[in-house]
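What follows is a set of notes on a single structure, which appears directly below.
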Amino acid sequence: MTNIPTSKDVIAFLNERLAARGLPHRVDSIEVLPYVNPMWLSNWNVPQLANVLAREGDIDIQEIIEEEIREARWRFPQVLDEF
0 MTNIPTSKDV IAFLNERLAA RGLPHRVDSI EVLPYVNPMW LSNWNVPQLA NVLAREGDID
60 IQEIIEEEIR EARWRFPQVL DEF
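Residue numbers (numbering that gives the first Met the number 0): 0 to 82.
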């Protein structure tokens, strides 16, 4: 049986990366689609960080957050919802 990552894995990864980058933002939850995407595109989203991106005026912070989300999607393209 394969070990499929969960939403908790994504949240832990993102929070660790945001803290390492010195950002105060943290993720409490992510949205997970109720199916596995057949194209291996990510089946989850982080609306909490999307809201930060929309209101954050500093372009450098926006780029850092977008970079960390891309890295998380690369590491965890498909996850199970564990909440």
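In this text, a Cβ means the ideal position worked out from N, Cα and C, and glycines have one as well. None of these values were measured; they are calculated from a predicted model.
Review point. Which partner residues does TRP73 have in the DSSP bridge list?
Key: For the purposes of this step, residue 73 is identified with residue 74 of the sequence shown, where counting begins at 1. Its beta-bridge partners do not exist; DSSP assigns none.
Point to revise | Close Cβ partners of ARG25 (< 6 angstroms) along its chain, the five nearest in sequence each way excluded | key: The sequence position of residue 25 within the sequence shown is 26, counting from 1. Taken in chain order, the residues that qualify are ASN14.
Practice item. List the residues that DSSP assigns as beta-bridge partners of LEU79. Key: Here the question's residue 79 lines up with position 80 in the sequence shown. Answer is THR5.
Exercise for review: Return the chain-ordered list of same chain residues with a C-beta closer than 7 angstroms to the C-beta of ILE63, the five sequence neighbours on each side being excluded.
Suggested key: Residue mapping note: residue 63 aligns to position 64 of the sequence shown, counting from 1. Counting only Cβ-Cβ distances below 7 angstroms, and skipping sequence neighbours, we find ARG20, LEU22.
Point to revise | C-beta atoms of VAL45 and SER6 nearer than 7 angstroms | key: Locating residue 45 in the sequence shown gives position 46, counting from the first residue. Locating residue 6 in the sequence shown gives position 7, counting from the first residue. No, the Cβ-Cβ distance between VAL45 and SER6 is not below 7 angstroms.
Check your understanding: Where does ALA11 fall in DSSP's three states?
Key -> Working through the sequence shown from its first residue, we reach residue 11 at position 12. Here ALA11 sits in helix by DSSP.
**Study point:** Other residues of its chain near VAL9: CB distance less than 7 angstroms, five sequence neighbours each side excluded
**Key:** As a working mapping, residue 9 is identified with position 10 in the sequence shown. Around VAL9: ILE29, TRP43, ALA71, PHE75, VAL78.
Exercise for review: Can you tell me which of the three DSSP states VAL26 falls into?
Suggested key: The residue you call residue 26 lines up with position 27 of the sequence shown. The answer is coil: DSSP assigns VAL26 none of H, G, I, E or B.
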